[in-house]
Amino acid sequence: MPIQVLDQSTINKIAAGEVIERPSSVVKELVENAIDAGATAITIEIKEGGISFIRITDNGSGIAPEEIKLAFLRHSTSKIKSIEDLMNVSSLGFRGEALSSIAAVSQIELVTKTADSFTGIRYVIEGGKEISFEEVGAPDGTTFMIRNLFFNTPVRRKFLKTAATEAGYINALLEHLSLSHPDISFRFISNNQNRLHTSGNMNLKDIIYSVYGRDITKNLIELDVSTQDIHITGFIGKPAICRGNRGFENYYINGRYIKSHIITRAIEEAYRGFIMPHNYPFTALHFQINPSILDVNVHPTKMELRFSKNEFVYQFVLDAITDALNRRELIPEVKPSDTVTESAMQNTTTQQNASAQTEPPIPSMSVQKPSRLPEPFEAERLPDPAEKSLSDTVSESVTPYGTHNTQSRQNIQNIQNTHNTQNVQDSQNTQQTAKPAEQMNLFEDKLLDVNHKQDYRIIGQLFDTYWLIEFEDSFYMMDQHAAHEKILYERLMKQFHEKTYHSQMIMPPVILTLSLREEQILKENWKTFTALGYEIEEFGGKEYKVTGLPAELPTVIDCKQLLIELIDTIADESATHDPERITEKVASMSCKAAVKGNNRLSFKEAEELMRELMEAENPYNCPHGRPTLIKMTKYEIERKFKRIL
1 MPIQVLDQST INKIAAGEVI ERPSSVVKEL VENAIDAGAT AITIEIKEGG
51 ISFIRITDNG SGIAPEEIKL AFLRHSTSKI KSIEDLMNVS SLGFRGEALS
101 SIAAVSQIEL VTKTADSFTG IRYVIEGGKE ISFEEVGAPD GTTFMIRNLF
151 FNTPVRRKFL KTAATEAGYI NALLEHLSLS HPDISFRFIS NNQNRLHTSG
201 NMNLKDIIYS VYGRDITKNL IELDVSTQDI HITGFIGKPA ICRGNRGFEN
251 YYINGRYIKS HIITRAIEEA YRGFIMPHNY PFTALHFQIN PSILDVNVHP
301 TKMELRFSKN EFVYQFVLDA ITDALNRREL IPEVKPSDTV TESAMQNTTT
351 QQNASAQTEP PIPSMSVQKP SRLPEPFEAE RLPDPAEKSL SDTVSESVTP
401 YGTHNTQSRQ NIQNIQNTHN TQNVQDSQNT QQTAKPAEQM NLFEDKLLDV
451 NHKQDYRIIG QLFDTYWLIE FEDSFYMMDQ HAAHEKILYE RLMKQFHEKT
501 YHSQMIMPPV ILTLSLREEQ ILKENWKTFT ALGYEIEEFG GKEYKVTGLP
551 AELPTVIDCK QLLIELIDTI ADESATHDPE RITEKVASMS CKAAVKGNNR
601 LSFKEAEELM RELMEAENPY NCPHGRPTLI KMTKYEIERK FKRIL
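Using the working numbering, the first residue of the sequence shown is number 1, and each one after it goes up by one.
In structure tokens, the structure reads:
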């Protein structure tokens, strides 16, 4: 096939594909141009996700009549004049490719007027071809109307997502732009509905409230630090509002929304120890950085940049956030809305008492938890002896299935303290010869066979987490959290497949404030949530009301945090579009309601837990792959005590 030069129309369409990937790309380029033009109010209106119609209106400086046609030529720009200007570029756009690329793949109508002109200009261009150029009456500023995006490139149009998904991308983009420019008022209208409106009053906290709602806004820590070449202002979130993905990690460099692995790594390292693994913080930070130490011209969308002083930037961000977290009180506040109403509690108590007279299912245990920090801190928490003693007393007084022998536990504690040093030496001496504890083998004698229900003996509880069980010539340890997780997971999945769900009402209802993207995820998976027992209703605007939870979950669960994490998890999995996979994720995440470690159960509750684990289809692992039981044989134990050499 001979080599030939492509015609200009084909060249423009290929080049447009690098700049304009979807409707949000059009919005990004035109809104950034409006910002560079000095606009203080920008309105974005779309229909059908921006595929059929986009209108962007600003009150900026406008385009001079003699420059309008020139603006639609490739590589025509007012932002730079030479390669040296790239080292100090401060505008959002500078390549001169946006308008020519948009014009190549859509039908554009432009109306613009400068302050010193008597009339405005209306310019129409379709697929790169000029249609009309005329004078019209118009206010100062610029209005772009984009119709039928990718009308002449059907292959690109075929790969667009649904209208709701594309609208979600635009909404997310505008949230970032409004946070990065609190001095500009943004209004976003989708299918004639207001989705976002910011005041442009220069108050970043007000913008955060407009975008994320009150729950985020009231859990913020202000940051204002500076050093040579870098000044950071803005807010970081308290650990209580962490999320399941990085969607709330927002930072802006010289007014531009940027992704930098250097800054991301510094932020997450600063939060390590404050939040659980695989959780991510909220940030809304503005960086003013000397342009000479960064390069923004390394990615077609200008979403990435390079620093000439990587280690300096990393250490400064890490120290600034770590210092801010260490200086603030981070213990979450308990609010009245976190508890159920008195009547609901009475109903729950009545149901628990009734079920206790028969054979109580595991969710009805309603074990009162010892005083402790909330779950995100659980992995970092070391038990304090005084706190342990107090929590023992509290737990014993409210355990519904009887009390524990406090004196016996104290005697054991005294023995442990007396022989602690000797135990360490014995452990070191026997470590080389002892075999490690093993996960249960499915082909050995099955402790979890229902036929062996009367053959095992529960000995006691270790560390308020592991139950010790004797069966035949073996010794087992059961992780109460992993076991309960497995039971809840199989219940929820069985309920989903049999389409027989049961809900429990919660009072007062929980109110969720969702972004457009999160709303879309919720609506796309509405049937999945309903089939699992969640009852959710629209509550106006961005808010949704949760009135019911799966009957298997305890009423004291943090419903709001659980549902937010579920939506975050589904967002990460949504690319698969597999309802079964998403259902498994929802059920697996719901298992966060399982009884935790450091929660003392009674022997009656442990027996019930063991009985239900026996009835599970696959009782050997929790939904996340962790073992529910581990085993040591009598032979291995006797070797540890040197009875067998």
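Cβ coordinates follow ideal geometry from the N, Cα and C atoms, glycine included.
The structure displayed is predicted, hence computed values, not measured ones.
Legend entry - Environment of E605 [buried if 16+ CB atoms lie within 10 Å]: To locate residue 605, count along the sequence shown from 1; it is residue 605. Buried.
Inset, instruction - Out of T227, Q228, F248, state which residue places its alpha-carbon closest to the alpha-carbon of G237. - result: Taking the first residue of the sequence shown as position 1, residue 237 is located at position 237. Of the candidates T227, Q228, F248, F248 places its Cα closest to the Cα of G237.
Inset, instruction - Taking only beta-carbon positions, decide if L174 is within less than 9 Å of chain C. - result: Considering every chain present, this structure includes no chain C. It has just one protein chain.
Inset, instruction - Look at the alpha carbon of I207 and the alpha carbon of N618, and state the distance between them as a whole number of angstroms. - result: By 1-based counting over the sequence shown, the position of residue 207 is 207. By 1-based counting over the sequence shown, the position of residue 618 is 618. Rounded to the nearest angstrom, the gap between the Cα atoms of I207 and N618 is 49 Å.
Inset, instruction - Taking only the alpha-carbon atoms, compute the straight-line gap between F53 and E97 and give it to the nearest angstrom. - result: On the sequence shown, position 53 is the one that residue 53 refers to. On the sequence shown, position 97 is the one that residue 97 refers to. Between F53 and E97, the C-alpha separation is close to 21 Å.
Inset, instruction - Return yes when the Cβ of E537 is within less than 9 Å of the Cβ of T547, no when it is not. - result: Along the sequence shown, one-based indexing puts residue 547 at 547. Along the sequence shown, one-based indexing puts residue 537 at 537. Contact flag set, yes.
Legend entry - Three-state secondary structure assigned by DSSP to H484: By one-based count along the sequence shown, residue 484 stands at place 484. For H484, the three-state secondary structure derived from DSSP is helix.
Inset, instruction - Please look up how many angstroms separate the CB atoms of A270 and L318, rounded, as I've assumed it's under 8 Å. - result: The residue you call residue 270 lines up with position 270 of the sequence shown. The residue you call residue 318 lines up with position 318 of the sequence shown. About 5 Å separates the two Cβ atoms, so the contact holds.
Legend entry - Residue from F496, N254, C622, L609 with nearest C-alpha to L179: If you number the sequence shown from 1, residue 179 lands on position 179. The alpha carbon of L179 has as its nearest neighbour, out of F496, N254, C622, L609, the alpha carbon of N254.
Inset, instruction - Would you list, in sequence order, the uninterrupted beta strand (DSSP E) runs of no fewer than 3 residues that lie entirely inside the stretch 199 to 264? - result: Within the stretch 199 to 264, the complete beta strand (DSSP E) segments of 3 residues or longer fall at 220 to 227, 230 to 237, 249 to 253, listed in chain order.
Legend entry - Which of helix, strand or coil DSSP assigns to M610: Residue 610 sits at position 610 when you count from the first residue of the sequence shown. Reduced to three states, the DSSP call for M610 is helix.
Legend entry - DSSP-derived helix/strand/coil call for L563: Within the sequence shown, residue 563 is the residue found at index 563, counting from 1. Taken through DSSP and simplified to helix, strand or coil, L563 comes out as helix.
Inset, instruction - Report all residues from its chain with a CB closer than 6 Å to the CB of L30; omit the five preceding and five following residues, and keep chain order. - result: As a position in the sequence shown, residue 30 is number 30, starting the count at 1. The residues are I56, F144.
Inset, instruction - Return the first residue and the last residue of the alpha helix (DSSP H) that A71 is part of. - result: Counting from 1 along the sequence shown, the entry for residue 71 is found at position 71. Element bounds for A71: 68 to 71.
Inset, instruction - Grab me the residues of K542's own chain with a C-beta within less than 6 Å of its C-beta, minus the 5 sequence neighbours each way, in chain order. - result: Numbered from its first residue, the sequence shown carries residue 542 at position 542. Once the five neighbours on either side are set aside, the close Cβ partners of K542 are T513, L514.
Legend entry - Top-ranked residue by Cα proximity to V225, from Q561, P65, F287, T114: What you label residue 225 is simply residue 225 of the sequence shown in a count that begins at 1. Nearest option by C-alpha distance: F287.
Inset, instruction - For S117, name the three-state secondary structure that DSSP assigns. - result: What you label residue 117 is simply residue 117 of the sequence shown in a count that begins at 1. The DSSP-derived three-state label of S117 is coil.
Legend entry - Bounding residues of the alpha helix (DSSP H) (the contiguous stretch that carries V26): Locating residue 26 in the sequence shown gives position 26, where the first residue counts as 1. For V26, the uninterrupted alpha helix (DSSP H) segment begins and ends at 23 to 36.
Legend entry - Exposure label - I415; buried when at least 16 CB within 10 Å: What you label residue 415 is simply residue 415 of the sequence shown in a count that begins at 1. Any reading at I415 needs caution, since the residue's pLDDT is 39, under 50, leaving its predicted position unreliable; the model's value is listed next. With fewer than 16 Cβ atoms within 10 Å of its Cβ, I415 is classed as exposed.
Legend entry - Whole-number beta carbon distance between Y476 and I469, since they are thought to touch under 8 Å: Taking the first residue of the sequence shown as 1, we reach residue 469 at position 469. Taking the first residue of the sequence shown as 1, we reach residue 476 at position 476. So it is a contact: roughly 4 Å between Cβ atoms.
Inset, instruction - On a CA-only basis, which of K69, E66, E166 is nearest K28? Give me that one, please. - result: Position 28 of the sequence shown, counted from the start, is the residue given in the question as residue 28. Distances from the CA of K28 to each of K69, E66, E166 were compared; the closest alpha carbon is that of E166.
Legend entry - Simplified DSSP assignment, three categories, for N621: Counting from 1 along the sequence shown, the entry for residue 621 is found at position 621. Secondary structure at N621: strand, using DSSP grouped into helix, strand and coil.
Inset, instruction - Whole angstroms is fine: what's the gap from H272's alpha carbon to I293's? - result: Residue numbering aside, residue 272 sits at position 272 when the sequence shown is read from its first letter. Residue numbering aside, residue 293 sits at position 293 when the sequence shown is read from its first letter. His is not the amino acid found at residue 272; the sequence shown has Arg there. When rounded, the distance between both Cα atoms is 28 Å.
Legend entry - Nearest-angstrom Cα separation, counted from K545 out to I637: As a first step, residue 637 is located in the sequence shown; it is residue number 637 there, counting from the start. As a first step, residue 545 is located in the sequence shown; it is residue number 545 there, counting from the start. If I take the Cα positions, the gap works out to 55 Å.
Inset, instruction - Count the other CB atoms, across all protein chains shown, that sit within 10 Å of the CB of M610; report buried if there are 16 or more and exposed otherwise. - result: What you label residue 610 is simply residue 610 of the sequence shown in a count that begins at 1. Burial call: buried.
Legend entry - Contacts around S503, its chain only, beta-carbon distance under 8 Å, and the 5 residues preceding and following it disregarded: The residue you call residue 503 lines up with position 503 of the sequence shown. Same-chain partners within the cutoff: G533, Y534, E535, G548, L549, P550, A551.
Inset, instruction - Ignore the nearest five residues each way along the sequence and tell me which others in S316's own chain have a CB closer than 7 Å to its CB. - result: The count along the sequence shown starts at 1 and reaches residue 316 at position 316. Just to set this straight, residue 316 is Phe in the shown sequence, not Ser. The residues T227, I230, in chain order, have a CB closer than 7 Å to that of F316 in the same chain once the five nearest residues on each side in sequence are set aside.
Inset, instruction - Indicate whether the contact test is met: 3 or more Cβ pairs, each with one atom in the stretch 125 to 132 and one in the stretch 18 to 26, closer than 8 Å. - result: At 8 Å Cβ cutoff, the stretches do not touch.
Inset, instruction - Look up F316 in the DSSP assignment and say whether it is helix, strand or coil. - result: In the sequence shown, the residue the question calls residue 316 occupies position 316. Of the three classes helix, strand and coil, the one that applies to F316 here is helix, per DSSP.
Inset, instruction - Would you kindly check if the distance between the Cβ of R626 and the Cβ of A571 is under 9 Å? - result: Position 571 of the sequence shown, counted from the first residue, corresponds to residue 571. Position 626 of the sequence shown, counted from the first residue, corresponds to residue 626. Against a cut-off of 9 Å, the Cβ pair of R626 and A571 comes out as no contact.
Inset, instruction - In angstroms with no decimal places, state the Cα-to-Cα distance between W467 and M614. - result: Counting from one through the sequence shown, the residue named residue 467 turns up at place 467. Counting from one through the sequence shown, the residue named residue 614 turns up at place 614. Near 15 Å, if we compare the C-alpha coordinates of M614 and W467.
Inset, instruction - To the nearest angstrom, report how far apart S260 and S602 are at their CA atoms. - result: As a position in the sequence shown, residue 260 is number 260, starting the count at 1. As a position in the sequence shown, residue 602 is number 602, starting the count at 1. When rounded, the distance between both Cα atoms is 50 Å.
Legend entry - Residues that DSSP places opposite N662 in a beta bridge: No statement about residue 662 is possible, as the shown extent of the chain runs from 1 to 645 and does not include it.
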